[in-house]
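One structure below.
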Amino acid sequence: MNFRPCIDLHNGLVKQIVGGTLSDDGTGPATNFQADKPASWFAERYRRDNLTGGHVIQLGPGNRDAALAALGAWPGGLQIGGGVTDENAAGWIAAGASHVIVTSYVFHDGAVDEARIRSLVQRVGKQRLVLDLSCRRRQSDYVIVTDRWQTFTREVIQPDLLERLAACCDEFLVHGVDVEGRCAGIEADLVERLGRWSPLPTTYAGGIRSLADIETIETLGRGRIDFTVGSALDLFGGTQLAYEDLVRRYGPGGR
36 MNFRPCIDLH NGLVKQIVGG TLSDDGTGPA TNFQADKPAS WFAERYRRDN
86 LTGGHVIQLG PGNRDAALAA LGAWPGGLQI GGGVTDENAA GWIAAGASHV
136 IVTSYVFHDG AVDEARIRSL VQRVGKQRLV LDLSCRRRQS DYVIVTDRWQ
186 TFTREVIQPD LLERLAACCD EFLVHGVDVE GRCAGIEADL VERLGRWSPL
236 PTTYAGGIRS LADIETIETL GRGRIDFTVG SALDLFGGTQ LAYEDLVRRY
286 GPGGR
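The sequence shown begins at 36 in our numbering and counts up one residue at a time.
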């Protein structure tokens, strides 16, 4: 299990927001943190600590320059998501991204769009593609959501879907949207299911507030699920978890 860093961008600034509060109607998002340092500063920090596989997520428009600066500061060390399509995916790889992360473009009209996945694979290759399976709980299921986590698809996190998608991508990224940014604990049932079912490297995000939560991810995820921390991390104004501690414990030199 590894610590994967993150850079979330909103209006060109590094922020931590509460999951599901970002919309197009001029309201929100609810913001836990706004950095006074540029995205490139965070990328340089991750490069110094040799943290690979982190993600840069563009939350809406106005983030391209900041995203490019981050990728330039840690070429090959970061993945990029937010507005990725088959038309721009190769450009992001050329700009220094190790992978492109795709959600809404692939989960089109409420279901997996096989033609769009094939087009992405043709443009960048399976080994460069991460599918974002961020989801919200609906009764006993975890349903994949798109459009800034506002729209429920018809796709549910379950073994057959994960196996089918694993044939055309390199990794999964999964936010537990209902707990994202709330520092109130993880979606334990989701982590347990990913630990049992995911056939690919998978990163979980959402609700992490303590080392105990991280240890729970390690246990329920059977040591197979990586994690990322946002609002609870001191790097983003949090008080519950220290970045240096996570690098020491779960970075390249950790266990």
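We put the beta carbon where it would ideally sit given N, CA and C, even for glycine.
Beta carbon of residue i nearer than 8 Å to that of residue j
{"i": "L113", "j": "V135", "result": "no"}
{"i": "H210", "j": "S169", "result": "yes"}
{"i": "G216", "j": "G272", "result": "no"}
{"i": "R259", "j": "V212", "result": "no"}
{"i": "R153", "j": "V141", "result": "no"}
{"i": "I252", "j": "I221", "result": "yes"}
{"i": "V226", "j": "F38", "result": "no"}
{"i": "Q93", "j": "G126", "result": "no"}
{"i": "C41", "j": "G89", "result": "yes"}
{"i": "E206", "j": "L229", "result": "no"}
{"i": "V53", "j": "A70", "result": "no"}
{"i": "F187", "j": "R173", "result": "yes"}
{"i": "F68", "j": "Q51", "result": "yes"}
{"i": "C204", "j": "V165", "result": "yes"}
{"i": "D167", "j": "T138", "result": "yes"}
{"i": "I243", "j": "A277", "result": "no"}
{"i": "I128", "j": "R183", "result": "no"}
{"i": "V147", "j": "A124", "result": "no"}
DSSP-derived helix/strand/coil call for residue i
{"i": "G61", "result": "Residue confidence is low: G61 scores 47 on pLDDT, short of 50, so the model does not pin down where it sits. Its coordinate-derived value is still stated next. In the structure shown, G61 sits in coil (DSSP, three-state: anything other than H, G, I, E or B)."}
{"i": "G107", "result": "helix"}
{"i": "A219", "result": "coil"}
{"i": "A201", "result": "helix"}
{"i": "V209", "result": "strand"}
{"i": "G126", "result": "helix"}
{"i": "T138", "result": "coil"}
{"i": "G26", "result": "For the chain, the structure presents residues 36 to 290; residue 26 sits outside this window and is missing."}
{"i": "L235", "result": "coil"}
{"i": "A247", "result": "helix"}
{"i": "L86", "result": "coil"}
{"i": "D195", "result": "helix"}
{"i": "T254", "result": "helix"}
{"i": "A102", "result": "helix"}
{"i": "D269", "result": "helix"}
{"i": "L225", "result": "helix"}
{"i": "D121", "result": "coil"}
{"i": "N37", "result": "coil"}
Rounded distance between the beta-carbons of residue j and residue i, thought under 8 Å
{"i": "L336", "j": "A102", "result": "Residue numbering for the chain in the displayed model covers 36 to 290; residue 336 lies beyond these limits and cannot be assessed."}
{"i": "T263", "j": "T238", "result": "6 Å"}
{"i": "I97", "j": "G47", "result": "For the sequence presented, residue 97 should be read as Gly rather than Ile. Yes, they are in contact, since the Cβ atoms of G97 and G47 sit about 5 Å apart, within 8 Å."}
{"i": "E190", "j": "L197", "result": "Going by Cβ atoms, the distance from E190 to L197 rounds to 11 Å, so no, they are not a contact pair."}
{"i": "D149", "j": "W109", "result": "In the sequence on display, residue 149 carries Glu and not Asp. Wrong, their Cβ atoms sit about 33 Å apart, outside the cutoff."}
{"i": "D84", "j": "G256", "result": "That pair is no contact at about 23 Å."}
Run of the beta strand (DSSP E) containing residue i, from where it starts to where it stops
{"i": "F77", "result": "Unbroken run through F77 is the alpha helix (DSSP H), A74 to R83; no beta strand (DSSP E)."}
{"i": "V49", "result": "L48 to I52"}
{"i": "D43", "result": "C41 to H45"}
{"i": "V91", "result": "G89 to Q93"}
{"i": "L113", "result": "L113 to G116"}
{"i": "D71", "result": "D71 -> no beta strand (DSSP E), and no H or E assigned at all."}
{"i": "T263", "result": "I260 to T263"}
Cβ-heavy atom distance, residue i to the ligand GTP, below 7 Å
{"i": "T251", "result": "In terms of ligand content, the structure shown is empty, and the ligand GTP therefore cannot be addressed."}
Run of the alpha helix (DSSP H) containing residue i, from where it starts to where it stops
{"i": "V214", "result": "Premise fails: V214 is in no alpha helix (DSSP H) and is neither H nor E."}
{"i": "L281", "result": "Y278 to Y285"}
Ignoring anything shorter than 4 residues or poking outside the segment 143-191, list the alpha helix (DSSP H) runs there in chain order. Within the segment 143-191, the complete alpha helix (DSSP H) runs of at least 4 residues are 149-159.
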